[in-house]
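If you read the sequences in order, they're chains V, Y, F, G and L.
According to our numbering, the first sequence is numbered sequentially starting from 1.
According to our numbering, the second sequence is numbered sequentially starting from 1001.
According to our numbering, the third sequence is numbered sequentially starting from 2001.
According to our numbering, the fourth sequence is numbered sequentially starting from 3001.
According to our numbering, the fifth sequence is numbered sequentially starting from 4001.
The beta carbon of each residue, even a glycine, is placed where N, CA and C say it ideally should be.
All values reported here derive from a predicted model rather than from experimental measurement.
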Amino acid sequence: MNAGIPLSYFLILAAVMFFTGIYGFLTRRNLITILMSVELILNSVNINFLALNRYLFPHKLEGFFFSLFIITVAAAEAAVAIALIINIYRRFTTINVEDVNIMKY
Amino acid sequence: MSIGDFAIMRHELLLTAVILVVLAAEIFSPSGKRKSTGTIAIAAFAFITVAGFLPSPAGTLFGNMYIADKTRLIMKNILNIGALLVLIQSVTWLGRDENRDRVSEYFILLISTLTGMNFMISAGHFLMFYIGLELATIPLTALAAYERYSNKSAEAGIKLILISALSSGVLLYGLAMLYGTTGTLYFEEAAHLLKNNNLQTLGFIFFFSGMAFKISIVPFHLWTADVYEGAPVSITSYLSVISKGAAVFIFIIVLFTVFPVIMASWQKAIYATSVLTMTIGNLFAIRQQNLKRFLAFSSISQAGYIFLGIIGGNAAGMASVIYYILVYIFSNLGAFGAVAAISNASGREDLKDYNGLYRTNPGVSLIMTLALFSLAGIPPVAGFFGKFFLFAAAAEKGYYLLVTIAVLNTIISLYYYLLVVKAMFINANENPVESFKSDIPTKLALGICTAGIFLTGFASPVYEAIRNLSFGI
Amino acid sequence: MNILSLFVLIPLLTIAGIVMVKDIRHVKVVSGIGTGIQLIMSAILTFLYIQARQSGDTSEMLFVKDLVWFRSLNIHFAVGVDGVSVAMIALTSIVVFSGVFASWEMDYLTREFFISLILLATGVFGFFISLDLFTMFLFYELAVIPMYLLIGIWGSGPKEYSAMKLTLMLMGASALLLVGILGIYFNSAPEGGNLSFNIIEISRTTIPMKAQYIFFPLTFIGFGVLGALFPFHTWSPDGHSSAPTAVSMLHAGVLMKLGGYGAFRVAIFLMPEAARELSWIFIILTTISVVYGAFGAIVQKDLKYINAYSSVSHCGLVLFAILMMNHTAMNGAVIQMISHGLMTALFFALIGMIYGRTHTRMINEMGGLMKVIPFLSVCYVIAGLASLGLPGLSGFVAEMTIFVGAFQHPDTFQRVATIIAVSSIVITAVYILRVIAILLLGPSEKNSYELFSDARWYERLSTVTLIVFIAFIGLLPFLLTSMTGASLQPFMNKILGMNIF
Amino acid sequence: MTLNQLMFILFASIIVVFSILTVTSRRILRAAVYLLFVLISTAGLYFMLNYAFLAAVQLTLYAGGIVVLIIFSILLTSHISLKFEPVEWKKSLFSALAAIAGALITIITILDFTFSATNEAAREVNMRLVGKSLLSVGSDGYILPFEVISVLLLAAMVAAIIIAKKGGPKSTDTQTSNYQ
Amino acid sequence: MTDFNYTLWIFLIPFLVFILLGLAGHRLKARISGLLGTAALGVVTVLSYITAYFYYFRTAGINDVFRKITVFDSTWLHFTDTLEIKMGILLDPISVMMLIVISTVSLMVHIYSLGYMKGEKGFERYYSFLSLFAFSMMGLVVATNIFQMYIFWELVGISSYLLIGFYYQKPEAVRASKKAFIVTRFADLGFLIGILLLSFNTRTFDFSVLTDPQGTAIAHSSGISFLGLSVTTWSMILVYLGGVGKSAMFPFHIWLPDAMEGPTPVSALIHAATMVVAGVYLVARMFPVYFFAAPAALEIVAWIGAFSSLFAAIIACTQTDIKRVLAYSTISQIGYMMLALGVSGYGGHDGLGFMASMFHLFTHAMFKALLFLCAGAIIHAVHSNFMIDMGGLRKYLPLTHLTFLIACLAISGIPPFSGFFSKDEILAAAFHHNKVLFFIEYAVAGITAFYMFRLYFTVFRGEDRHYHTVPHEAPPTMTIPLIILATAAAFSGFIPFSKLVTSDGKAFQTHIEWGIAIPSVLIATTGIGTAYVMYVRNPSLPGRIISIFKHSYKLALNKFYIDEMYLFITKKIIFRYISEPVAWFDRHIVDGTMNALAIVTQVVSFRIREFQSGQLQKYAFFFISGTILLALTLIYLLH
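See the structure below:
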């Protein structure tokens, strides 16, 4: 199904997505949106792995499985992160990342 | 799979077993008697630690996905010792009212991170490495936020998980590139297929950033101080010693087994970041007032020194790094143990609270002093030997300038370590920490640390045993 | 048991004894006994050494004991002594012994004080017996660190600042030294073979010139800082002035000698080629040290400052002499180390005792002490006379050997430098006599002085011990120089072997 | 232009546009929905790459699980109509610069590299193969990570639980000056 | 008794006494320690005389050449193969002559002090110092090598320091002792550098090698030159500098007058008879080197001697402190001796100046010691140093008066007193060498007579002053030495010095050159007459003269402001413009740099704290930037 599409398209797409995620991580104030940016990042990695696996090394499934595990880990991570965010909300009554800075210097 | 195979991966299996035992104890014991879970966990863990030293066959399992050899074995044992000390040190704190209903969770989480680290170290495949890494990280974020009534703790948790998520994203991206250029994620195969081209270098840099985050290398270190300060003392010490040690271990394994081809590149990267790390870590440490935060920056700068052992890419360097981590475990845990003891007894963690401590609590002060001297690299304690071997490893490869920068940095570090010593021994205080008696676990942990601080240095067999490992390089 | 190892062991046992003793008052007794044994031991060592030499033992080092420590880096616990080290060990024992008695009145954290003090001594002893660069370095640092606590806790004045400054500067020096030692080690086998930390083994090879150029300055400065090399001497005035009596004694008397000894045994001995090429830089610096220290001492008002600057000057002379790289001057350097060690220790001991009575160290707040405390005053005068190089006391012997030796150097540059250095003897006379005149002579100023008691028994013991040795060297110098002089022959062979001249 | 290319362009533009919207939208719930779109489009790409299983996982776990989790937490912590303050221009500028620079370097380096594909025959990915691989102990078997991730999930669960165990609002932090 | 081994005891005995009295003196009774010291010195004196007798008349003079006898010589400190300090005893005409001078004067002073210092606190200390001095001085003169000489030179200096500062509670004494030591120390610096230079050239310290006219040392001495003078000349000038300091020649004379703060017997011993002539002795000892290898230096010796003698004589005319007058007179007389050496040749009659110098040294020691001891007796009687407090003492102190008069006549060069003979030889030698020097000395002879008799007339003639107690003659312990010394001062001129003490050891004939002697006696008589007119006949005359020559008088009274110049140099230049800046520089620049390093570290540490802002996104920003920067550097910049 991927005939006619060069591999580099996928990779560029992934790169753009990755750095969009990075941008989001650096700019979004809300902890949840930051988490969303992380998801973007992980997704872009997955795209990379799958595209590379499909285009270059289709005889094995390393990229495929890696993506599979990344998704799983991402889910676990998201669960804990959300728990922590809620914890923050409980303690700080805000989830603005800029306000979560009682420790500094 | 055979019984022998299980022997090969007995560290991980035993740890998992402990997790399950604790879980079972938590589930099945009546709620009134939960105190005992801690004892069970520690006893079991102590057993594992001892068992770890039994001779173990080397070999690979799961089609090279899991590798066991002497080097890795010794790494795991070192981590076990450290973890055991952390566990013992945390007993007093876990006995507090607010923590009483969450003791077994604490052990489960902590031991599972250690399991993750062990898997990470034994990984022969980047997937195992990644999963081990995450297993070593995610539960830790929860532990960092463990303090129930502390805003700082909560903040530490969120900071840790978000930035570690970012870092693992970056790391994964790098792995994807490496995968794309080599077509494999097995360490051994990748090592042969790496060619030193730009994309691989870029992939390596992404990977490097991810690891540097775990080891607290400047400029990837900024989370360290905040998390260390916010987290409970035992978790801070765990983060600063075990977590960092494990990351260093896997980092050198990967560097030396997977990336020797692009050594020229990573040496430059390590050179630059090492200088930055030592310097920035020290500069920040100078002015810290909170002891935990202070030790955080100190541990950042220690990471810079550790890089000196790595940069040469030689067997001596590898040995010196492993040895240094061992020494560092005793030293840093000694320091954190003292901080924890004082914090548990009086709730005070600031430098000014330490004024006049020697008059009221000479024992703790002396241990703290020894630990700090060891961190600073003052003879006759072990840190001196550790630093010397690190520097020697770098000097062997001609990195004299780097060594000079490092030794000059040790002077800055000596300055702030002495500030603490000064506070304890010299400064007067109208309201010093009152004399307190530590309980047995604290004493035990501190005693082991003290013994370790002395013995690991003087007793040359320790170093020689590490040095005699082949490392495959 | 090797007799040299005992020199490290006995202090450690003494420390153990101090820890065990229940009664604080017994701490001093234990320390006194421990250091007394040390003193006897060093007398025995000297005796054995001379006996061995006379019986025709011509090996470079005697009483050698070599234990492998870290095999992979070829680190050994290697001890051995030649005449120079024996002399330095004897000096250390004397100063430590009298230091213990000089601090007999210590009553704040007594136990800790004596432990630190003896720990310091352990480091010094270890340094002098080491043949292995690694252990040497280890003991060096071991000797420096207790200084921090000793000054910081029991010092006076801006003690925290001084202690910190001293420690940091000395450890900074040791940092450079570490690089130097590593450099030497990794170049110790230019023709292949095992790398070595052993001084004797390294001295048999020639370290490549390129390496020498880098590591000689590092090593020399590293040791030089401890030897108060200009401009790295500023720890000395502050450190000495803040330190408690015994610590000043030990520090100026012995610890500063580590610098000279190390510069000579490590920097010059192992890298003579670079030493010859680069010596001019350091000769300029040391010449400055010599004159500058003396001038600096003239206008000081604090007794300890005066002595600190004086130490800068005298220790500068040690390094100066070493850099001349000939037998006589080096021999002079050794004698100067011992001589300065003894007399500066005496000075500091006396300053401490005077301070204990007058509670000031400002010379212009005192006067006419000769009348009220004649014993201490006479001792002070003797120390002063030794310091200004009066024949019959040790200072003269040392200085003259240095000057004559240095002046034999074939290069005009060195000889001009010598002339400049020689001029310090006048400046020394100026500041010494100035102090004596203001402090001891003249009418006694205050009525309260009448209450002063002269030296107590432990003070007498402390000062007389030192004076006896000062006079001994001054009157019978040939006994000492024959011992040290012969031991310099390997150095000279090595230096001459590189066909400089 | 083939259908494939058209689809790719469609998915790609959805991903890019909605990614950017996700990280710029000032309304949080919308951002979450945009993220959902991105994730679904990604699943589409997986389909295109013949990884139907993974696409399914993506849709269920990601789009179904995580996004829902996120939306829940949004509802827990924020007012739905919450509209963020615009991002400080400096922060936005520097972050954009960093992101663009990173993207440029990455893309240039990728384009610079000639990937070499293997000659071996491709393997069909089906559930059978996936299941077999996951439970295989030999080479290319993934039973070990599969087992370990179960520990991870257990630990994550415990982690989430202890964080969620209720703590009082009062802070016991000692107020300290961290810095001299 | 010709092996001279017993000479060792000549300087060992005083040393042992010094140690004994120094360590245990305060436990002995004062009187015992005094007697002990005196007795010991008596032994030394006897030994010295025995030595002299056997040396001059039994051993050495056999072939009319006095040999140099090295009694023993053992290594004390080894420097190099050729350079080592030995300790030994060298007997030759001048050292034996010096033994006599030192032991005689010393013994007199010891005896005298028993009376003079009676009841002083620190009596035993005084005697131990005296013994130390005797030891050092003996060691100095019998030195076999230049370094031994230097060693004892320094010891002599310290004994002088200790004795000047004997009254240590008196600020003036303290100041004077300090000044004496530092000034001579400064001169000794020259001496030492001179030794270094000389030994570098000649590879030896040994006198017997150095001063051998045929020896290699002198032959080797030419060669490299610096500023037009050969290195040997330079080294000899520097060595002479030591002599200038010790012998209080211009410009290092300033310490000597102040040194009179010490007890008067000390002044007699050290600052008149023995130590101050050490410079002369030094030049005499090194004379062959000067003469053969460094004639330019010898010329300098002559001129400095001449100038000092004139200069000091002029100042002496204006001083009012009796001891200061004598002190300047000493300077002046030593100038004579220096001059004599400076103008001397070598060997036989050419060495007249050398012989004359030694002769004068000998006679001067006697009469100057006598003068000081008399002054002591006077001071003892009137309790003042100042001439203004004295007058008409003739009738109270008849013995003192008589001996003082003899000494005055001797110093003025009136025949047949000793000074006449020695001074005459000096003038003769100067006449043959350089007329300018000769006339200067003529003038000085007149001035000397003038100021000595000014002193004599003021003190013993004139009116009584108001005395608190009636002055009375001193006890016998004090007067006996006066008588002995007076005898020596009167008759020592008849000793045939040219037979005994000559430049090359060979005796030669001298005769009084009446062409020079008669005018000199006339000049001296004129001086005495002037003094008589001014201070006896017409006491108001001095005041009138002073008012006429107000400025020059003031100049001379203030010793030509040399002291002030020194003070200026030390206090202003050295203290204020060298030492204080050095101290300041050290504290602020050198130390400041070190502190600045620390401060900069602190400041940097403070400045960079914004990196650790607590803002997660900033952390992430640095994270990403770090990655990108690393990538940029490693891939595109360093690849």
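Query, Result
"Counted within 10 angstroms of its Cβ, other Cβ atoms place L/Glu4084 as buried (16 or more) or exposed", "buried"
"Reference Y/Glu1430; option with closest CA among Y/Ile1411, Y/Lys1352, Y/Ile1466, Y/Asn1151", "Y/Lys1352"
"Beta carbon of Y/Thr1201 nearer than 8 Å to that of Y/Ile1262", "yes"
"Chain-order list of residues whose beta-carbon lies under 6 Å from that of G/Leu3059 (same chain, five-residue window excluded)", "Ala3043"
"Span separating the alpha-carbon of Y/Asp1226 from that of F/Ile2354", "53 Å"
"Three-state secondary structure (DSSP) of F/Phe2070", "strand"
"Euclidean distance between Cα positions of F/Ala2228 and F/Ser2289", "8 Å"
"Pick from F/Arg2025, F/Phe2232, F/Ile2432, F/Ser2059 that is closest to F/Phe2295, judged by C-alpha positions", "F/Ile2432"
"Per DSSP, cross-strand counterpart(s) of Y/Tyr1186", "Y/His1125"
"Chain-ordered chain L contacts of G/Ile3105 [CB-CB under 9 Å]", "Ile4628, Ala4631, Leu4632, Ile4635, Tyr4636"
"Identity of the residues DSSP links to L/Leu4090 by a beta bridge", "L/Thr4070"
"Option in L/Leu4241, L/Ala4340, L/Ser4329 with minimal Cα separation from L/Ala4268", "L/Ser4329"
"Residue-level contact to chain L via CB, F/Gln2408, 8 Å cutoff", "yes"
"Among F/Thr2234, F/Leu2226, F/Leu2385, the one whose alpha carbon lies nearest that of F/Leu2319", "F/Leu2226"
"is_contact[Y/Asn1282, chain G] using C-beta, thresh 8 Å", "no"
"Exposure of Y/Phe1284, with buried meaning 16 or more beta-carbon neighbours within 10 Å", "buried"
"Backbone secondary structure at F/Phe2077 - three-state DSSP", "strand"
"Under 7 Å by beta carbon: chain G residues contacting Y/Met1065", "Leu3144"
"Residue from L/Arg4544, L/Phe4359, L/Gly4215, L/Phe4307 whose Cα sits closest to the Cα of L/Phe4292", "L/Gly4215"
"Residues of the region 1405-1424 of chain Y whose Cβ lies closer than 8 Å to any Cβ of chain F, in chain order", "Val1407, Leu1408, Thr1410, Ile1411, Leu1414, Tyr1415, Leu1418, Val1421, Lys1422"
"Rounded separation between F/Arg2276 and F/Leu2131 - CA only", "23 Å"
"Burial state of F/Ser2279 (16 or more Cβ within 10 Å)", "buried"
"Interface residues of chain Y facing F/Gly2172 [CB-CB closer than 8 Å]", "Leu1408, Ile1411"
"Beta-carbon proximity list for L/Phe4307, same chain, < 6 Å, skipping 5 on both sides", "Phe4250"
"Check whether L/Ala4407 and L/Leu4370 have beta carbons under 8 Å apart", "yes"
"Inter-residue spacing [alpha-carbon to alpha-carbon] between F/Thr2035 and F/Leu2182", "34 Å"
"Cβ pair F/Val2128, F/Ser2085 closer than 8 Å", "The sequence as given places Phe at residue 2128 of chain F; Val does not occur at that position. A contact, by the Cβ cut-off of 8 Å."
"Pairwise C-alpha distance: Y/Ile1250 and Y/Phe1206", "16 Å"
"Residue range of the unbroken beta strand (DSSP E) whose run includes F/Leu2131", "From DSSP, F/Leu2131 is part of no beta strand (DSSP E); its letter is neither H nor E."
"Alpha carbon of L/Lys4323 to alpha carbon of L/Pro4257, nearest angstrom", "8 Å"
"9 Å Cβ cut-off: residues of chain V touching L/Phe4575", "What L/Phe4575 touches in chain V: nothing, since even the nearest Cβ is about 50 Å away."
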